[in-house]
Structure formats: structure tokens, C-alpha cells
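Engineer: With the first letter of the sequence shown counted as 1, position 277 gets the number 598 in this note's numbering; the numbers rise by one all the way through. Can you read through this structure? Questions will come right after.
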Amino acid sequence: MPIRKRKSLGESLVEHKTISEDQLNLAVKESEKSTEPLRKVLVKLGMVSEDDIANFFEEQMGVPRIDLKNYLIDPRNLALIPENLARKYTLIPLFKTGDTLTIATADPLNVVALDDIRIKTKSNIEPAVATETEIKNAISQYYGTGGSIEDIIKSIDVKTLSIEEGKEEIEPDKLRNMAEEAPIIKLVNLLIMQAIRDKASDIHVEPEEDSLKIRFRVDGILHEISSVPKHMQAAVLSRIKIMADLNIATKRIPQDGRFRIKVDTGQIDLRVSSMPTIYGENIVLRLLDATSILIGLEQLGFDERNLSHFKDLIAKPHGIILVTGPTGSGKTTTLYSALSVINTPDKNIITVEDPVEYQLRGIRQSQINVKAGLTFASGLRSILRQDPDVIMVGEIRDLETAEIAVQAALTGHLVFSTLHTNDAPSSLTRLIDMGVEPFLISSSIIGVIAQRLVRIICPSCKEAYTPSPEIFKDLGIEIPKGEVRFYRGKGCKSCGNTGYRGRMGIFEMLVLNDKIRDMIMTKTPSTLIRRASQEAGMKTLREDGIEKVLAGTTSVDEVIRVTQQD
């Protein structure tokens, strides 16, 4: 928000009894003698700290405080303010919304600086406050070298990161110093920012014999982004581990950590996993953006019939709803979206997850900790003593968890969980294989949803074509009468020449009826349960995918890719 108060910093500090009148007079004289800003003199004389001044602006003047250490600035925003002005006024641009540019400044009462920036950028200026040290560090990290990954790599002095030949172990202090070099910090920040812009779900940092390969997973597919010279490997990996609060001296055992950053689009959580390999530690960063997962049921990809069935299922007072599919098939998104729909003040919703990927307001979420004895089974048992209405168990992995979930459903709770099976009917026989009694499964399960994610054809380069007869043979369907048009993406700048942008689900929804419950009781094979489900109106994953192909939403290649084993 624009600063309207014209009272000087010194007067304000005296008024709020942060410093005395005598201290102010002394600091003013020193400021006039040295020509340094008063705030710098106050810090220099030890009357206040940088944090004291930043906190003063936040608490007394209402200027929001920003922590630049946990904030990533899009390089495109840096072009709005030249480096010389950023250094002159000790400020840095954060993001622009409409005609308003938000900046981080050490002195939000510097009207001259704010007016100058407003004129230069032709924007309204909204200041946030940070310490001078934080801003100077940010300026060093973000300005200076070129804005591309290749430019930063070229700017790094090989001697700075040199390691004695044949030396496998590097002292932690040396690693930390290497990781805190400004170009290394900028390189890692830029990689994360580019991944966010590309809407990547994961960043893979993969050591090879002579380089460090960087790959992004975008819309479920891995793409190589860059290759970093081998001499930078230790510094880059250490920088990521420092951000995730991992032990940089430990390299021979896997480690897991996480950290959170702020960007102009909101907050991003990053889960970090390291694993030792023959060429060094392999690190994967999973990007978790709450805005990308909390979407309405209507946007998941359900057709009208399946959406109606799913809404009916989650409105039930008790029973188990299973969502099944391989890792990365969108199960968490479906479950969280369902919980968001039924999350009302009159319900007590509790989850036990591994890990808690997104925080849901109004829902009690717990994370398993095997070392501390908190497993899915023990966590679920504890949840039942918390008087819940709705329970979500991240995954049913064993008989004990399955039996407790069944008992919870039979005693009046609505239970959501996941399984790893290829289709919906197989989930029922999987529970039997675990050792759950068929009559308990028949009494507790009310619905099973199998799902996959398919990429959506890029609307900017979408083109129609007439499919060959072989395509219908691959899909296992009859050739339709008349002209049939399929669609595909040619590849363009908007989609990174992939032909796709975004993903959606295809679904197989099994709603249990009396016939299927009887088949469970007699331990009927899943193939026969599948046939009975289709006779009752269940669409298979491939059938749902084909409908989306005919609607021009996705391509036939995508449907074949994700359903080829189904």
C-alpha cells in the first residue's frame, strides 16, 4: 500500500520510544557528518538493528515485511528496475500486478526513491520492507550476470569451485562456502523459477560421469533442460541440500527434506529427496503448489455420469471410497478435491498421510513417522479416538490398516483411501489377497475409482486430422461410420513444442451393487467382476479416454500410452 505518512524515521522511532531524543540527535549529527542515511547510522551506532528497523516499519507503519531468503524473484521482473537504481536506493522489484509494482525496500519512507521508481517504471509502487543486508544479497544474486542458465554457468570461475584431483571427500565448510557463491545461488534459484514457469511437477538433478544433468517433469513427461559442468556438481547439490536443511556432509545414505519459497504467484512447497549413486547424489525436488491441486470436481475430467456418481458417493454418511492407480496418476488431487467439497463446519475431517503434501484449511492432517511408531495403522487407530466424521488414509498398504479402515466404515465413518492396482475391480480382489474377509469388503466398500492422467492438446497449435483404420484397431474399437476427425498438437512456443499443455483425468468408476457384493462374497475373479461392472454401466479407462479423444480434448497416442496395460 502507498505510504502517505511524511513523518521521518527518526521522529517516528522517538515517538514510539524505540530510541531517545538524545540518541536521535547524536545519530542525526553523525548522519550529517558522514552523509549516510539515518537508518544506517542508527544501526552502525548500535542503537537499533536492521531487524528492529524492518519490524518497526511493519508493526508501526503497516508496511508488510518480506523475507527475501525464502522468496524467488522472476528474472523478467528485474528488467523493470535497472541495477544501478536498485543499488542506489537499496530496493529490488518483487512482482507486478496490473499497474502496481511491489518492491522490497530497506526504507519505505524514502519518498524520493519511491517517486523516482514510479516515474521510471510508469507504475504505482507498493513497498514491502526487508533489511538492507537481505536486499543487497538479493541484488548480488539476481543482477549482474545474464539471465539464462547457460550465462550463469559461463560466469562461474572454475577455480572458485576447484577440488583436488582424486579427492572424494570435501570438508563441510568448503562445501558450504562453494554453495553460498552468488552465481551458484542464482543458478539454483533460476532452475526453480524456470520449473515453476514451465509448470513442472519435479526437478531431477542427476549426476553423470562427466556432467550434472537437469531434467523437468512437465505434464508427466521428463524433459532434459540443461547440463551443468561436473566441477559445479558439489556446489549445486550442496546448495539444494542447504535449502532443504539436509546434512551436506552426509552423502552415502538417502535423505529427505523440504522447504518453502514465495513467488509472485503464491507459495510453493518443495519436497527434496537425495539418493547416493555411483556418480554422486541424485536429487529430486517435487514442486507442490496448493493452487494447482485444490480444484473443483468439475475440472478433474469426470464426464457428467461419473461426476454424478462421485458426488453421490462422497455425500454418503459412511463407507469406504477407494481411489486407485499408479504413482503420479492424480489420486491425491482427486481425494483433496473431494475433501474440499464436503469440508463444512459441521464435519470433523482428519487425515493420516505420507507425506502431507498440501495443507487444507479446516482439516486436521497428520503425517506418518515410522521411526516414532506412527504408521498408517496406528495413526488410523488414534484418529478413531478423535470423534471424526470423515477419515482419509493416505494408502492401504497392509492387512492391519485395511481392517481398521473397514471397521471405521462399518461404525459410521466415511473413509477415503488409495490402493495401487491397475483398475477398479482389481482393488476388491487385492483386499481379499491382503487377508480381509470378503463379507467385510462387501459390507464396507461403496465405490472404487481408477484413474490415469492424460495430457491435454495445446489449444494454440491444435489441428484436426483423419485417423487411419489401424488406429481404431490399436484402440480395440470398431471403425465408426462416416468421417471421423481426431486432433493433435503440432507443437508451438506456448507448449514448448510438445503439442500438449496441462493434464486431465480419465476415470473408471465402480459403484457396488448387490450383484457385485455377492460376487465378492464368493471370491469371484476380478475379470468377472469387471464384466459385471461393465454390464451395470461402468466405462473402462480406455473407453473414457476414447470419448475424450473424440471430443478433441486429448490425443489417441496419450490414451494408448496410459492404458496400454489395461
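Don't be surprised by glycine CBs; every beta carbon is placed ideally from N, CA and C. The model shown is predicted, which means the values in this text are computed figures rather than measured ones.
(1) Any idea if S370 is buried or exposed, counting beta-carbon neighbours within 10 angstroms, 16 or more meaning buried?
(2) CB L393 to CB M514, shorter than 7 Å?
(3) I'd like to check one pair, S547 with I561: are the Cβ atoms closer than 7 Å?
(4) Quick one: what's got a C-beta closer than 6 Å to D675's C-beta in the same chain, skipping five residues either side?
(5) Decide if N743 is buried, meaning its Cβ has at least 16 other Cβ atoms within 10 Å, or exposed.
(6) Whose C-beta lies closer than 6 Å to the C-beta of A823 among residues of the same chain, with five residues either side of it excluded?
(7) Could you pull the start and end residues of the alpha helix (DSSP H) that A785 belongs to?
(8) Can you name the start and end residues of the alpha helix (DSSP H) that A726 belongs to?
(9) Report, in whole angstroms, the separation of the C-beta atoms of Q462 and N498, which I expect to be a contact under 8 Å.
(10) Take I762 as the anchor and find which of I841, R852, S444, I340 has the nearest alpha-carbon.
(11) Between the stretch 802-811 and the stretch 679-686, do at least 3 Cβ pairs fall closer than 8 Å?
(12) Measuring straight from C-alpha to C-alpha, what distance separates T911 and I438?
(13) Going by other Cβ atoms of all chains shown within 10 Å of its Cβ, with 16 needed for buried, is Q772 buried or exposed?
(14) For the stretch 594-640, which segments carrying the alpha helix (DSSP H) assignment without a break, of at least 4 residues, lie completely within its bounds, in sequence order?
(15) Among S781, L608, T452, K507, whose alpha-carbon lies nearest the alpha-carbon of V593?
(16) Can you name the residues that DSSP bridges to V549?
(17) Please state whether the Cβ-Cβ distance between P448 and V539 is less than 7 Å.
(18) Helix, strand or coil for P528 per DSSP?
(19) Is the distance from the Cβ of T696 to the Cβ of Q686 below 7 Å?
(20) Using a Cβ-Cβ cut-off of 8 Å (strictly less than) and excluding sequence neighbours within five positions of L347, which residues of its own chain qualify?
(21) Mapping DSSP to helix, strand and coil, what is D839?
(22) Based on the DSSP output, what are the partners of V644 in its beta bridges?
(23) Which value, in whole angstroms, describes the spacing of the CA atoms of T466 and A434?
(24) Start and end of the alpha helix (DSSP H) containing M514?
(25) Drop a sphere of 10 angstroms on the beta-carbon of L643, count the other beta-carbons inside from all chains shown, and report buried for 16 or more, exposed for fewer.
(26) What residue does the alpha helix (DSSP H) around T672 start on, and which one ends it?
(27) Let me check understanding here. Comparing Cα to Cα, which of T423, N405, D590, P429 lies closest to R360?
(28) Which residues does DSSP list as the beta-bridge partners of Y808?
(29) Residues in its own chain within less than 6 Å of L412 by CB, not counting five upstream and five downstream?
(30) CB-CB under 6 Å to S444, same chain, minus the five flanking residues each way: which ones, in chain order?
Structural biologist: The structure says:
(1) exposed
(2) yes
(3) no
(4) I689, G715
(5) buried
(6) Looking at the sequence provided, one finds Gly at residue 823 rather than Ala. Answer for G823: I777, listed in chain order.
(7) Premise fails: A785 lies in the beta strand (DSSP E), 783-786, not in any alpha helix (DSSP H).
(8) 720-731
(9) Contact doesn't hold; Cβ gap of about 16 Å is too wide.
(10) I841
(11) no
(12) The structure shown does not extend to residue 911, since the chain is modelled only from 322 to 887, so the question has no answer here.
(13) buried
(14) 611-614, 625-635
(15) L608
(16) L533
(17) no
(18) strand
(19) no
(20) L366
(21) helix
(22) T739, I770
(23) Since pLDDT at T466 reaches only 45, below the 50 mark, its modelled position is unreliable, and no value is offered.
(24) 503-518
(25) buried
(26) No alpha helix (DSSP H) holds T672; the beta strand (DSSP E) holding it covers 670-674.
(27) P429
(28) A785
(29) I424, T426
(30) D420, L422
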